[in-house]
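Participant: I am attaching a structure below and will ask some questions about it afterwards.
Numbering (full-length UniProt numbering), first residue to last: 1 to 321.
Structure below.
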């Protein structure tokens, strides 16, 4: 099969076709999502977990072409999308069956490749960790990103009020179309001041990290929950514990790639199950739609990375295989 190992060269090579191990299916890949984790891996900062493929790619869509022993609920020919620990930039990939999801009804198979990472990330962090409830205020930083565009839609569909930050009027207009109520240009606006006028944010989903830690804490409402899923603004910052305690607030940090496939409520299987149960009906009803910025052939993966790195993308960047 053709594949792109996770090195800086971004070169397509020939690798042996994967064989399904116990509990695995093989997916003939139609498309793969491009994520910031791939950019970090290319730079040598985010190696795959032990035992995972070193080929780029954390999500795919395609058709099951082989099924290993012990697989439950999946058959050859099923159209699926899947969450991966690695291996997506390839014509075939082996996936634990617990990380496989059906393509939602009415969704194009290519567009489905942009769902697993964003849907599972938002479900696990906004709902399962952040416990967002109807009527609460939700702030997502980077509202034009793949995660941001999905988080806005899910929170809106849940009945939350949604605030988001982005860097220009065009991106904020797209966020408004997706359901954002409060639009904040982070270059000119003070999100702390804006959120304070609204009583603070009950849940904040943050991709920035250290740079925004103090401001995020100030922007939280009493009993607010800050969930950090990225470090684009650095990894180390000082936390005012007194301010945290005064608000009875919480700060959580999570990753998805390194979680175990099974083993409890924090496993990928638990997250995938919850996502299919709660998000897939909203996609099939049209309340949530995949937001696709652009697609590139597998051989142009370097250009796809450049598009994501540019900061100009709105939604997901995909590779067609």
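Glycine residues also receive a C-beta, built at the ideal position from the N, C-alpha and C atoms. Everything numeric in this text was worked out from a predicted model, so none of it was measured.
1) In the DSSP assignment, the alpha helix (DSSP H) including residue 308 goes from what residue to what residue?
2) When you compare only the Cα positions, how much space is there between residue 322 and residue 18?
3) Throw me the rounded Cβ distance for the residue 86 and residue 48 pair, which I believe falls under 8 Å.
4) By the three-class DSSP mapping on this structure, what secondary structure does residue 65 have?
5) Span of the beta strand (DSSP E) holding residue 201?
6) Are residue 229 and residue 206 close, meaning C-beta to C-beta below 9 Å?
7) So is residue 50 buried or exposed if we call it buried at 16+ other beta carbons inside 10 Å?
8) Using the rule of at least 16 other Cβ atoms within 10 Å of the residue's Cβ for burial, across every protein chain shown, is residue 92 buried or exposed?
9) Hey, out of 128, 103, 197 and 201, whose CA is closest to residue 141's CA?
10) Run the CB neighbour count on residue 245, radius 10 Å, all protein chains shown included, and call it buried at 16 or more, exposed below.
11) In three-state terms, what does DSSP make of residue 321?
12) Using the beta-carbon count (16 or more within 10 Å), is residue 216 buried or exposed?
13) Could you give the uninterrupted runs of the alpha helix (DSSP H) lying entirely in the segment 17-53, keeping only those of 4 residues or more?
14) Using three-state DSSP, classify residue 58 as helix, strand or coil.
15) Using only the alpha-carbon positions, how far apart do residue 157 and residue 70 sit?
16) Restricting to Cα atoms, I'd like to know which of 137, 73 and 2 is closest to residue 225.
17) How would you call residue 275, buried or exposed, if buried means at least 16 neighbouring beta carbons within 10 angstroms?
18) Is it buried or exposed, residue 25, if we count other Cβ atoms within 10 angstroms and call 16 or more buried?
19) Only counting the same chain, and skipping five residues up and downstream in sequence, which positions put a Cβ closer than 7 Å to that of residue 159?
20) Thinking just about the alpha-carbon of each residue, which of 12, 178 and 62 is nearest to the one in residue 29?
21) Enumerate in chain order the residues of its own chain whose CB-to-CB distance from residue 52 is below 7 Å, with the five nearest sequence positions on each side excluded.
22) What is the residue span of the alpha helix (DSSP H) that residue 322 lies within?
23) Report buried or exposed for residue 177, applying the criterion of at least 16 other Cβ atoms within 10 angstroms of its Cβ.
24) So is residue 161 buried or exposed if we call it buried at 16+ other beta carbons inside 10 Å?
25) Helix or strand or just coil, what does DSSP make of residue 285?
26) Rounded to a whole number of angstroms, what is the C-alpha to C-alpha distance between residue 301 and residue 222?
27) Thinking just about the alpha-carbon of each residue, which of 210, 227, 247 and 277 is nearest to the one in residue 256?
28) Who are the near neighbours of residue 236 in its chain, counting only those whose CB is closer than 7 Å to its CB and skipping five residues on each side?
29) With a cut-off of 8 Å, do at least 3 Cβ pairs link the segment 165-174 to the segment 183-191?
30) Using the C-alpha atoms, what's the distance from residue 60 back to residue 333?
Facilitator: Reading from the atomic positions:
1) Counting from 1 along the chain shown, the entry for residue 308 is found at position 308. Segment 301-310, the alpha helix (DSSP H) holding residue 308.
2) Absent from the model: residue 322. The displayed extent of the chain is 1 to 321, so no value can be given.
3) Counting from one through the chain shown, the residue named residue 86 turns up at place 86. Counting from one through the chain shown, the residue named residue 48 turns up at place 48. Right, the Cβ-Cβ distance comes to about 4 Å (below 8 Å), so this counts as a contact.
4) The count along the chain shown starts at 1 and reaches residue 65 at position 65. Correct three-state label for residue 65: strand.
5) In the chain shown, counting from the first residue as 1, residue 201 sits at position 201. Per DSSP, residue 201 belongs to the beta strand (DSSP E) from 201-206.
6) Start at 1 with the first residue of the chain shown, and residue 229 comes out as number 229. Start at 1 with the first residue of the chain shown, and residue 206 comes out as number 206. A contact, by the Cβ cut-off of 9 Å.
7) As a working note, residue 50 is residue 50 in the chain shown. So residue 50 counts as exposed.
8) Here the question's residue 92 lines up with position 92 in the chain shown. The residue is buried, with at least 16 neighbouring Cβ atoms inside 10 Å.
9) Within the chain shown, the letter at position 141 stands for residue 141. Considering only alpha carbons, the answer is 201.
10) Numbered from its first residue, the chain shown carries residue 245 at position 245. Result: exposed.
11) Here residue 321 refers to the residue found at position 321 when the chain shown is read from its first residue. Residue 321 falls in the coil class under three-state DSSP.
12) Residue mapping note: residue 216 aligns to position 216 of the chain shown, counting from 1. The residue in question, residue 216, is buried, as its Cβ has 16 or more Cβ neighbours within 10 Å.
13) 36-42
14) As a working mapping, residue 58 is identified with position 58 in the chain shown. In the structure shown, residue 58 sits in coil (DSSP, three-state: anything other than H, G, I, E or B).
15) For this step, residue 157 is matched to residue 157 along the chain shown. For this step, residue 70 is matched to residue 70 along the chain shown. The alpha-carbon atoms of residue 157 and residue 70 are separated by roughly 37 Å.
16) As a first step, residue 225 must be located in the chain shown, where it is residue number 225. Cα-wise, what sits closest to residue 225 is 137.
17) Here residue 275 refers to the residue found at position 275 when the chain shown is read from its first residue. So residue 275 ends up on the buried side.
18) As a first step, residue 25 is located in the chain shown; it is residue number 25 there, counting from the start. Classification of residue 25: buried, given that the 10 Å Cβ count is 16 or more.
19) By one-based count along the chain shown, residue 159 stands at place 159. So the list reads 134 and 135, once near-sequence residues are dropped.
20) Taking the first residue of the chain shown as position 1, residue 29 is located at position 29. If we check each option's Cα against that of residue 29, 62 comes out closest.
21) Numbered from its first residue, the chain shown carries residue 52 at position 52. Correct list, in chain order: 85 and 86.
22) The structure shown does not extend to residue 322, since the chain is modelled only from 1 through 321, so no value can be given for it.
23) The count along the chain shown starts at 1 and reaches residue 177 at position 177. Exposed, since its Cβ has fewer than 16 Cβ neighbours within 10 Å.
24) Within the chain shown, the letter at position 161 stands for residue 161. Looking at its Cβ environment, which holds 16 or more other Cβ atoms inside 10 Å, residue 161 is buried.
25) Translated into positions along the chain shown, residue 285 becomes position 285. Residue state, collapsed to three classes: coil.
26) As a first step, residue 301 must be located in the chain shown, where it is residue number 301. As a first step, residue 222 must be located in the chain shown, where it is residue number 222. About 44 Å.
27) Translated into the one-based positions of the chain shown, residue 256 becomes position 256. With distances taken between Cα atoms, residue 256 lies closest to 227.
28) Taking the chain shown and counting its residues from 1, the one referred to as residue 236 is at position 236. 210.
29) yes
30) It is not possible to answer for residue 333, since the shown part of the chain is limited to 1 through 321.
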